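So for the sequence shown, my numbering puts the first residue at -8; every next one is plus one. Cβ coordinates follow ideal geometry from the N, Cα and C atoms, glycine included. These figures come from a predicted structure and were not determined experimentally.
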Amino acid sequence: MTLTRQDSFLALHEAFKPRVLGYVRRRISSDQTAEEIAADVFRIAWQKRESDPDPSIGWLLNVARNLIGNEYRSRARTVQLQDRLRDSEAVKCQGGDDDGARGTIAAALGRLREKDREILQLMYWEELTLAEVAQVLSCKEATARVRLHRARKSFEKALPQQLRPTGKD
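Encoded structure:
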């Protein structure tokens, strides 16, 4: 009995997923990111199944290595962007017209998780609607609404007490 391509791929996935995931986890500090990268390795293997129907572990780990490199470059770009944002906010704050509030706000944003910071930036800096934010994040509008709510709460907690909104029940 011959295996179909799908069955063959499922067998490949079952056989090599622990090794690929272990390889990625040893190089990436976030379990969630490691899981995503490992899934991407097998997504790419599935997409390339016509040209390489039965990839080896070496090929899979090479794909993982390339994806890990992409992740490191992405992180570096994110840090550079955050540094530029902080620097631009610091320059604005040196004007003295806001008593350092912008710098404090920028610092609070810097303490947020990347996901929270991203949704706040999309809403308030890019001035996107909730529907547009959902499209950018590839999620449903209701999911984006929940993420925005959580990000706002996290941001509020990251602010010093004197800058937090008052009058809430």
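First and last residue of the uninterrupted alpha helix (DSSP H) at residue i
i	result
Thr24	Asp22 to Gln38
Gln112	Unbroken run through Gln112: none, as it is neither H nor E.
Ile96	Ala92 to Arg102
Asp(-2)	Arg(-4) to Arg16
Leu139	Glu132 to Ala149
Leu121	Leu121 to Val127
Proximal residues to residue i (C-beta, below 7 Å), its chain only, five neighbours per side dropped
i	result
Gln73	Gly101
Ile19	Ala25, Ile28, Ile59 and Glu62
Ile48	Phe7 and Arg10
Ile35	Val54
Top-ranked residue by Cα proximity to residue i, from the options
i	options	result
Ala29	Gln38, Arg40, Ala55 and Glu132	Ala55
Lys148	Arg68, Gly49 and Asp107	Asp107
Glu105	Val70, Ala133 and Lys144	Val70
Glu132	Phe7, Ser(-1) and Leu121	Leu121
Ile110	Arg93, Ala99 and Leu128	Leu128
Thr(-5)	Leu52, Gly13 and Asp45	Asp45
Val32	Ala125, Met114, Val15 and His140	Val15
Leu163	Arg143, Ser21 and Pro156	For residue 163 there is no data in the structure shown, the boundaries of the chain being -8 and 160.
Cβ shell of residue i (< 8 Å), same chain only, five flanking positions each side left out
i	result
Cys130	Arg138
Gln23	none
Spatial neighbours of residue i in its chain, beta-carbon cut-off 6 Å, leaving aside the 5 residues before and after
i	result
Trp50	none
Arg68	none
Leu1	none
Asp160	Model confidence at Asp160 stands at a pLDDT of 43, short of 50, so the residue's coordinates are unreliable; what they give is reported in the following sentence. Cβ neighbours of Asp160 beyond the five flanking positions: none.
Leu52	Tyr14
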